[in-house]
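Colleague: To start, I am sharing the structure in question, which I have written as structure tokens.
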Amino acid sequence: MKNRTIKVDYLARVEGEGALYIKIKNGEVDDVKLKIFEPPRFFEAFLRDRKYSEAPDITARICGICPIAYQMSAVNAIENAFGQVPGGQIRELRRLIYCGEWIESHTLHLYMLHAPDFLGYPDVVHMAKDFPEVVEKALKLKRIGNDIVKTIGGREIHPINVKVGGFYKVPQKKDLKQLREDLLWARDAAIDTVKFTSTLTFPDFEQDYEFVSLCHDIEYPFNEGRIKSNKGLDISVEEYDFNFIEEHVEYSHALHSRLRARDNYFLGPIARYNLNYDKLSPIVKQVASDLKLPREINNPFKSIIVRGLETLYACDEAIRIIDQYEKPDEPSIQINPIEATGNGASEAPRGMLYHRYRINEEGLIMDAKIVPPTSQNQKTIEKDLKHFIPSRVNLPEKELVLQCEQAVRNYDPCISCATHFLKLHVEKEN
Amino acid sequence: MDKNKFLILGIGNRFRSDDGAGVAVAEKIKKFEIDKFDVKIIDGEGTDIMESWKGYDNVIIIDAVQKNGSFGKIYEINACEEELQSDFFNYSSHAFGLAEAINVSRVINKLPKLLIVYGIEGQHFNFDTKLSAKIEKAVNKTAALIKEKYGK
């Protein structure tokens, strides 16, 4: 069958609602559209005329899975505007809460949404019948990520303790004691996770990607760094708008991003790993080395291994932060708003999340721009499918649909963020 | 944990109109101040649901559902006896939501002894803090029903 159309009306096991449309003409892929049809959510408009201090709580509502990323990019951008950036233990607590989000988000995606693809199960419920211990361990690991977010952020979903300048309240050293105990277990569970993922079978699919990530001089990136790529991009966060452009496509409610100088790019765990391998902690490098994982990965299906490595890093980094923690005298620095524009970025589990705010002399937000990672990865997802399908074009439709969905899930797309669930439509034309 | 305790778990997003039906029922039940009821409200992410019911033998969950157009219809499911269809709760943005949490828990033997799920069929799931009139009535009816059946 040389011509056909494949439609997935609701793509399963992704956060949010979207559809996939693939048109095959004379055996060639004629068109691929990742359709994000969830209505636009207008968060950038909601933010206008609101006080700068409301941005972390408003933007946290964009996503129940990665609210910390939204809070962090918001505070980074607003503090950048005012030229006031907290350091010391406040900075460390921000890294700690981000560790919690990476652990919970990566574990959820890795075990509940992506692993069933590799093991041949339609979902985690069927997988749990054969791997009950694995699923139980995954649930406990995710729980520990949630506990970090709850301890530092006040609650697990849409935390309420993050503010511009720091936190409303900071924990006592003793408040972190139980977390540390749990994290020792979690670190071992994360090592088992990486070993588990490394035994999976991966499609032979490597592409020449432009990987983009924040890169910090001495740390694996969460909140700070320059924006770099493997193809020469090296800019400050303030230069984001000069180097990246968002474009409307008529079939998606999420804007497509591309590099002005080139084209699509790739954000997320593999990008961070490839560009920041040296900054991983010794235990992560040791596990990667023991499993003979290359220092550069170009197969997006292997993102599941890198999510495991980043979960391990987040557990290890959280232990380091807790061990060195001393309660700061003040939970936040005094903020003095000025009329200014600020840019901020941070590394959400799915990749770099950019915020920009223009604030007036009264501290009101005049204008906001938010570019989520899924929106930035859309073009790369579509390009992957264009290259992935041709050698599989004669597969039975059900199998082809499954493999295409798996390829989309490599990116852990959070469609809710990008504007919800994927629908697949493959069309073959004679 | 007292074996007579019930966890009343309201699930939903009060900012998405009728998606807040489960939350509204939980809030009404909380006002009844029934000692044997512990009331919690969460947004519906699966692992949070599983964590919430830890230690409870008796769990009542209330959530909004999207079905055939009988707005305000109340569904009662004994989740210990029947499998939940994930598309019954298909308005959820969570890839691992209520149905997955219940079905995984069944497989790994982590279901509470009693687990009843009430689904209220919603009409509007857009941005609003108000419930539709039919759903408001169904919320009151469900809260009264739970009080009557399990609150004594």
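The listed protein sequences derive, respectively, from chains X and L.
Residue numbering for the first sequence follows this note's numbering, beginning at 398 and increasing consecutively.
Residue numbering for the second sequence follows this note's numbering, beginning at 909 and increasing consecutively.
We put the CB at the ideal spot given by N, CA and C, even for glycine.
(1) Which residue comes first and which comes last in the beta strand (DSSP E) that contains I624 (chain X)?
(2) Can you tell me where the beta strand (DSSP E) holding M763 (chain X) begins and where it ends?
(3) Sorted by chain position, which residues of the same chain lie with C-beta nearer than 7 Å to G485 (chain X)'s C-beta, five sequence neighbours on each side aside?
(4) Can you pull out the residues from the stretch 446 to 467 of chain X whose beta carbon lies closer than 7 Å to at least one beta carbon of chain L?
(5) Is the CB of R655 (chain X) under 8 Å away from at least one CB in chain L?
(6) For a contact meaning CB atoms closer than 7 Å, what does I949 (chain L) contact in chain X?
(7) Which residue marks the beginning of the alpha helix (DSSP H) containing K1057 (chain L), and which one marks its end?
(8) What are the partner residues of M396 (chain X), as DSSP defines its beta bridges?
(9) What's the C-alpha gap between G415 (chain X) and L431 (chain X)?
(10) Which residue's Cα is closest to the Cα of K852 (chain L): L:K975, L:D910, L:D926 and L:F979?
(11) Does chain L have any CB closer than 8 Å to the CB of V522 (chain X)?
(12) Does the contact criterion of 3 or more C-beta pairs under 8 Å hold for the stretch 443 to 455 of chain X versus the stretch 752 to 768 of chain X?
(13) How would you list, in chain order, the residues of chain L whose beta-carbon sits under 7 Å from the beta-carbon of I500 (chain X)?
(14) Do I465 (chain X) and F564 (chain X) come within 8 Å of each other at the CB atom, strictly closer than that value?
(15) Within 10 angstroms of its Cβ, does Y662 (chain X) collect 16 or more other Cβ (buried), or is it exposed?
(16) Residues of the stretch 1009 to 1038 of chain L with a CB closer than 7 Å to any CB of chain X: list them in chain order, please.
(17) Suppose you measure from the CA of P483 (chain X) to the CA of Q731 (chain X); what does that come to, to the nearest Å?
(18) May I ask you to report which of helix, strand or coil DSSP gives F641 (chain X)?
(19) Can you list the beta strand (DSSP E) stretches of 3 or more residues lying completely in the stretch 527 to 560 of chain X, in chain order?
(20) Starting from T1050 (chain L), find everything on chain X with Cβ-Cβ shorter than 8 Å and list it in chain order.
(21) Taking the beta carbon of D514 (chain X) as the centre, do at least 16 other beta carbons fall within 10 Å, making it buried, or is it exposed?
(22) Take the Cβ of L581 (chain X) as the centre, count every other Cβ of all protein chains shown within 10 Å, and call the residue buried at 16 or more, exposed below.
(23) For R755 (chain X), name the three-state secondary structure that DSSP assigns.
(24) Give me the chain X residues within the contact set of D956 (chain L), using Cβ-Cβ distance strictly less than 8 Å, ordered along the chain.
(25) Taking all protein chains shown into account, decide if T548 (chain X) is buried (16 or more other Cβ within 10 angstroms of its Cβ) or exposed.
(26) Of all the options L:L917, L:N1048 and L:N1034, which has the alpha carbon lying nearest to the alpha carbon of K962 (chain L)?
(27) Taking buried to mean at least 16 other C-beta atoms within 10 Å of its own C-beta, is F528 (chain X) buried or exposed?
(28) Please identify the residue among X:D428, X:N673, X:E441 and X:Y508 whose C-alpha is closest to the C-alpha of N807 (chain X).
(29) Starting from the N-terminal side, write out each stretch of the beta strand (DSSP E) that is 3 residues or longer and does not extend beyond the stretch 693 to 747 of chain X.
(30) Going by DSSP, which residues form a beta bridge with K430 (chain X)?
(31) So does C460 (chain X) have its beta carbon nearer than 7 Å to some heavy atom of the ligand COA?
(32) Which same chain residues end up closer than 7 Å to A457 (chain X) when comparing Cβ atoms and leaving out the 5 residues on each side of it in sequence?
(33) Is DSSP giving V805 (chain X) helix, strand or coil here?
(34) For L915 (chain L), report the span of its beta strand (DSSP E) as first-last.
(35) In three-state terms, what does DSSP make of D943 (chain L)?
(36) With 16 other CB atoms within 10 Å as the buried threshold, where does I767 (chain X) fall?
Modeller: This is what the structure gives:
(1) R623 to S626
(2) Unbroken beta strand (DSSP E) run through M763 (chain X): I762 to V768.
(3) P725
(4) G461
(5) no
(6) The contacting residues do not exist; I949 (chain L) stays about 11 Å from chain X at best.
(7) Going by DSSP, K1057 (chain L) is part of the alpha helix (DSSP H) stretching over A1041 to Y1058.
(8) Residue 396 (chain X) cannot be examined here, being either before or after the span of chain X that is shown, 398 to 827.
(9) Going from the Cα of G415 (chain X) to the Cα of L431 (chain X) covers about 7 Å.
(10) Lying outside 909 to 1060, the shown extent of chain L, residue 852 (chain L) is not represented and no answer is given.
(11) The beta carbon of V522 (chain X) falls within 8 Å of a beta carbon belonging to chain L, placing the residue at that interface.
(12) yes
(13) Within chain L, no residue comes near I500 (chain X); the closest Cβ sits about 12 Å away, beyond 7 Å.
(14) no
(15) buried
(16) N1011, V1012, V1015 and I1016
(17) Taking the straight line joining both Cα atoms gives about 9 Å.
(18) strand
(19) none
(20) Per Cβ cutoff of 8 Å: no residues; T1050 (chain L) is ~24 Å from chain X at best.
(21) It counts as buried.
(22) exposed
(23) strand
(24) N543, E553 and I554
(25) buried
(26) L:L917
(27) That one is buried.
(28) Its Cα nearest to that of N807 (chain X), the residue X:Y508 stands out among X:D428, X:N673, X:E441 and X:Y508.
(29) 737 to 745
(30) For K430 (chain X), which the question treats as bridged, DSSP gives the partners X:Y418.
(31) Absence of the ligand COA from the depicted structure is noted, as is the absence of any ligand whatsoever, leaving it without description.
(32) Answer for A457 (chain X): P464, Y467, Q468, H555 and P556, listed in chain order.
(33) helix
(34) Start and end: F914 to I919.
(35) coil
(36) buried
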